[in-house]
Each structure stands twice: as C-alpha cells, then as structure tokens.
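Okay, so the sequence shown: first residue is 715 according to this note's numbering, each after it adds one.
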Amino acid sequence: MSNSGTREIDYDAVRLAARASAPDRYYAALFAPVEARGDLIALAAFTGEIERISRQVSEAALGEIRVAWWRDAFLSRGESGRSGNPTLDAFAEVIRRRALSLGVIEDYLAAHAHALYGEPPADDAELGETLRIIDGTPFAFAGAILGLDLDKPIIDTAARASGLARIGIELPYALMRGRSLLPKARSPNPFAADEAEDWRPQTAWLASEGLSALAELRRHLRGKPATFTTPLLPLALVEPYFRALQNPRHEPARDILEIAPIARLWRIARAHWSGRV
C-alpha cells in the first residue's frame with residue numbers, strides 16, 4: 715500500500731479493525747496474493763465498520779448520520795490528504811489505486827442507511843436486490859482488487875448465500891431494534907399485531923435458500939480458474955453458519971451466534987487449499 719499524503723496511515727489499526735469487525739473477510743484476505751492482501755484487508759475493515767453501525771445505534775437517524783459521514787468523506791476527500799481515520803484513509807487509497815466506483819460505494823452506503831429504518835422488503839425480488847447491493851458489493855470489489863471479473867451470476871448467487879446467512883446472524887439485533895429483515899409474508903404471523911417469538915421456520919427457509927444459492931454458485935464456478943475462489947473465500951463460513959443457526963438449542967430471535975476464530979480460519983484455509991467454497 716502507498717503511504718503518500720500528509721501523514722502515515724496506521725495499517726496496524728486497519729488490520730485490527732478488519733479482524734474485529736469483519737473476521738471472515740480478514741482471514742480470507744490472508745490467503746490472497748501478497749500484492750492484493752493489504753487492499754483486501756482495507757476493504758474488510760471498511761465493510762466491517764459500515765455493517766456494525768446497525769448493531770451499535772438504537773435510532774435509525776443516528777446510524778444514518780454515521781453512514782453519511784463515510785459517504786461525504788469519500789466524495790469530498792479529493793487530494794486533501796489524510797482524514798486521521800485509518801480505515802477511511804486506507805480504503806480511500808484502495809479506491810484510487812484500483813479505480814473502484816464511487817457510485818457503487820454510494821449505492822452500498824445508501825442501502826445500509828435505508829436498512830436502518832427497518833422497513834421490510836416489499837417482496838422476495840426487493841430482498842434479492844438488497845442482498846445484491848449490501849452483500850454482493852464486497853465480493854465485486856474483492857474481485858476487482860484481485861484483477862478478476864466476477865460475472866453477474868457469480869456475484870448474485872454469492873450475495874444471496876452470504877446475505878441470507880447474514881440475516882440469520884443479525885436477527886436478534888434487528889428484532890431488538892424493531893427492524894424487519896424479511897418481507898412481511900416471510901415473517902412469523904404476518905397478519906398479527908405482534909411478532910411471534912419462534913423464528914425457526916424462517917431460519918429453515920433462510921438455510922434452504924442460502925444453501926441452494928451456494929450450490930448454484932459452485933455450478934457457475936465450474937471450469938473457472940482456481941483464482942476465482944479467492945475473492946469468494948468468506949463463503950466458506952456459510953454452511954457452518956446455517957448449521958449453527960438450525961441447532962435445536964439455538965433460539966434464532968434471541969441467541970447471538972458465535973464461531974471460534976480458529977474454526978473460521980480453518981474453514982477458510984480448507985476452502986483455499988481445496989479450491990472449493
């Protein structure tokens with residue numbers, strides 16, 4: 715990474731941020747070629763910072779202010795030098811060096827801001843579009859950093875598999891904040907005034923659809939060079955996530971899902987060595 719500018723970027727802080735807020739993408743980046751590794755870690759740190767906003771704020775407006783800060787910082791940064799935020803400065807360098815689209819980043823941030831207000835997707839099609847932006851954008855950027863052109867079927871199926879797992883993981887946080895992650899018709903008792911407590915049928919649907927998308931992705935990857943696996947390595951955690959979410963002892967609406975760091979690293983390492991996510 716380049717260290718040009720008015721001050722040095724604290725890359726140790728970027729690595730710590732990536733590992734804390736986006737461990738799957740962080741560990742996946744460790745298996746990338748050395749010339750792309752730092753940029754992928756910066757991408758992980760950035761997406762992790764954005765994704766955790768919904769867990770940290772109790773009011774949507776406060777979260778939107780934080781998302782808007784990132785948007786304005788990228789759009790107005792220009793050649794003005796460092797901001798002092800290591801993740802912002804590191805990822806801004808990635809944007810410049812890899813010619814990543816600011817328009818796509820705007821869409822990504824706007825989708826996160828919209829999700830904070832908790833309005834359910836109108837239908838499965840709108841849910842799919844949300845997944846494509848929120849969950850597909852990091853895969854597309856990872857591919858661009860690695861010099862790979864991931865086509866639309868690959869991005870869409872990767873986004874669906876990853877996004878549906880994310881919804882299962884985020885469910886306790888979303889319900890606590892009164893946010894709807896699924897179309898009303900997919901939620902428990904859609905015509906009742908109060909949400910039902912048992913989300914196990916919805917978790918089963920998430921797993922069925924997510925694993926189906928993962929299987930479809932694998933079909934799209936047949937015949938592709940092994941390098942196409944690298945930007946998709948975080949998907950190695952999709953199957954373990956769904957198994958944990960469907961554990962009979964797991965209460966989907968209440969329990970926070972935890973997977974040990976060594977288990978994450980092992981799954982990603984195995985996917986890297988086997989060439990199969």
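Heads up, the beta-carbon is just placed ideally off N, CA and C, and yes, glycines get one too.
Residue i in three-state terms, based on DSSP
| i | result |
| --- | --- |
| Gly989 | coil |
| Gly817 | helix |
| Arg733 | helix |
| Lys866 | helix |
| Arg894 | In the sequence under discussion, the amino acid at residue 894 is Ser, which differs from the Arg named in the question. Coil. |
| Phe788 | helix |
| Ala967 | coil |
| Leu949 | helix |
| Ser922 | helix |
| Trp913 | coil |
| Ala907 | Since pLDDT at Ala907 reaches only 48, below the 50 mark, its modelled position is unreliable, and the value read off the structure follows with that caveat. The answer is coil: DSSP assigns Ala907 none of H, G, I, E or B. |
| Ile764 | helix |
| Glu749 | helix |
| Leu979 | helix |
| Val771 | coil |
| Ala974 | coil |
Close Cβ partners of residue i (< 6 Å) along its chain, the five nearest in sequence each way excluded
| i | result |
| --- | --- |
| Leu895 | Ile881, Ala888 |
| Ala804 | Ile723, Val728, Ala756 |
CA-to-CA distance, residue j to residue i, given in whole angstroms
| i | j | result |
| --- | --- | --- |
| Arg933 | Thr941 | 16 Å |
| Met890 | Arg739 | 26 Å |
| Trp967 | Ala983 | With the sequence shown as reference, residue 967 is identified as Ala, and Trp is not the correct amino acid for it. Approximately 31 Å, taken between the alpha carbons. |
| Phe905 | Tyr725 | The pLDDT assigned to Phe905 is 44, lower than 50, so where the model puts this residue is not dependable; a value taken from the coordinates is nonetheless given after this. So the alpha carbons of these two residues sit roughly 50 Å apart. |
| Asp912 | Pro902 | 7 Å |
| Asp821 | Glu807 | 19 Å |
| Val781 | Leu823 | 6 Å |
| Asn961 | Ala918 | 10 Å |
| Leu947 | Phe788 | 27 Å |
| Ile723 | Ala758 | 16 Å |
| Ile868 | Leu935 | 8 Å |
| Leu1000 | Pro939 | Because the chain spans 715 through 991 in this model, residue 1000 falls outside it and cannot be assessed. |
| Ile848 | Thr761 | 9 Å |
| Ala921 | Arg796 | 43 Å |
Beta-carbon proximity list for residue i, same chain, < 7 Å, skipping 5 on both sides
| i | result |
| --- | --- |
| Glu763 | Ala731, Ser735, Thr801 |
| Ala993 | Summary: the structure shown does not reach residue 993, with the chain confined to residues 715 through 991, and so no result is reported for it. |
| Arg691 | The requested residue 691 does not occur in the structure, where the chain is confined to residues 715 to 991. |
| Ala856 | Leu754, Leu757, Pro945 |
Other residues of its chain near residue i: CB distance less than 8 Å, five sequence neighbours each side excluded
| i | result |
| --- | --- |
| Arg751 | Ala743, Leu744 |
Any non-hydrogen atom of the ligand FMN within 8 Å of residue i CB
| i | result |
| --- | --- |
| Arg751 | This structure does not include the ligand FMN; it has no bound ligands of any sort. |
Inter-residue CB distance, residue i and residue j (contact presumed, cutoff 8 Å)
| i | j | result |
| --- | --- | --- |
| Arg846 | Asp870 | 6 Å |
| Leu841 | Phe853 | 17 Å between Cβ atoms; not a contact. |
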